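S.K.: Next up is a structure, given as structure tokens.
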Amino acid sequence: MKASVKWTDGRQFVAEAGSGHSVVIDGPPDHGGHNTGPRPMEMLLMGLGACTSFDVLEILEKSRAPVSDCVASVEAERADSVPSVFTKIHVHFTVSGQGLKEKQVKRAVELSADKYCSASIMLARGGVEVTHSFTIVED
1 MKASVKWTDG RQFVAEAGSG HSVVIDGPPD HGGHNTGPRP MEMLLMGLGA
51 CTSFDVLEIL EKSRAPVSDC VASVEAERAD SVPSVFTKIH VHFTVSGQGL
101 KEKQVKRAVE LSADKYCSAS IMLARGGVEV THSFTIVED
């Protein structure tokens, strides 16, 4: 896996993944950015949310759960001193569908957290307290 990050101006960068997809990453104006994209640490949280959502959806679909929507809301706390690393991250899933079983959703979230999500497992092994919860919404 590879990526490149090219500085464009101020604190703005264009990141390109090995798959050829690009995203603008930027800082706030008070740090020389233009506010044209997410901050680097926000990208980390978004990547974690996407990684674990990917797993949860795949597990639920394999178990033929009738999922119509899945939103991962990710909140983090950072250390007060530099480096301002994440100290706690909480991922809350809102999973929608008709007749979803709590046991299935719980199992999918736990499997992602404990076995499959490389991003959350890597952060947890690095000392970040990563927690998960979920809500089921009946369509």
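Mapped onto full-length UniProt numbering, the consecutive letters of the sequence shown carry residue numbers 1 to 139.
Where a beta carbon is used, it is the ideal one built from N, C-alpha and C, also for glycine.
As the structure is a prediction and not an experimental result, all values here were calculated from the model.
1) Taking the straight line between their C-alpha atoms, what separation do you get for Val14 and Asn35?
2) Among the residues of its own chain, which have a CB less than 6 Å from the CB of Ser112, if the five just before and after it don't count?
3) Please determine, among Trp7, Ala124, Ser68, the residue with the shortest C-alpha to C-alpha distance to Val85.
4) For a quick check, are the C-beta atoms of Thr94 and Thr131 less than 8 Å apart?
5) Are the Cβ atoms of Gly32 and Ala65 separated by less than 8 Å?
6) Buried or exposed: Gly49, going by 16 or more other Cβ atoms within 10 Å of its Cβ?
7) Taking Cβ to Cβ, would you say Lys2 is nearer than 8 Å to Gly18?
8) Just to check my reading of the structure: Gln12 and Ser63 have Cβ atoms closer than 8 Å, yes? What is that Cβ distance to the nearest angstrom?
9) What are the boundary residues of the beta strand (DSSP E) that includes Arg78?
M.R.: Short version:
1) Along the sequence shown, one-based indexing puts residue 14 at 14. Along the sequence shown, one-based indexing puts residue 35 at 35. Computed Cα separation, rounded: 13 Å.
2) Within the sequence shown, the letter at position 112 stands for residue 112. Only Thr52, Asp55, Val56 meet the Cβ criterion.
3) For this step, residue 85 is matched to residue 85 along the sequence shown. Looking at the Cα atoms, Ala124 is the closest of the given residues.
4) Position 94 of the sequence shown, counted from the start, is the residue given in the question as residue 94. Position 131 of the sequence shown, counted from the start, is the residue given in the question as residue 131. No, they are not a contact pair.
5) The sequence position of residue 32 within the sequence shown is 32, counting from 1. The sequence position of residue 65 within the sequence shown is 65, counting from 1. No, the pair does not count as a contact, with Cβ atoms beyond the cut-off.
6) Position 49 of the sequence shown, counted from the first residue, corresponds to residue 49. Label assigned to Gly49: buried.
7) Start at 1 with the first residue of the sequence shown, and residue 2 comes out as number 2. Start at 1 with the first residue of the sequence shown, and residue 18 comes out as number 18. The answer is yes: Cβ separation under 8 Å.
8) To locate residue 12, count along the sequence shown from 1; it is residue 12. To locate residue 63, count along the sequence shown from 1; it is residue 63. Gln12 to Ser63, Cβ: 43 Å. No contact.
9) As a position in the sequence shown, residue 78 is number 78, starting the count at 1. Element bounds for Arg78: 67-78.
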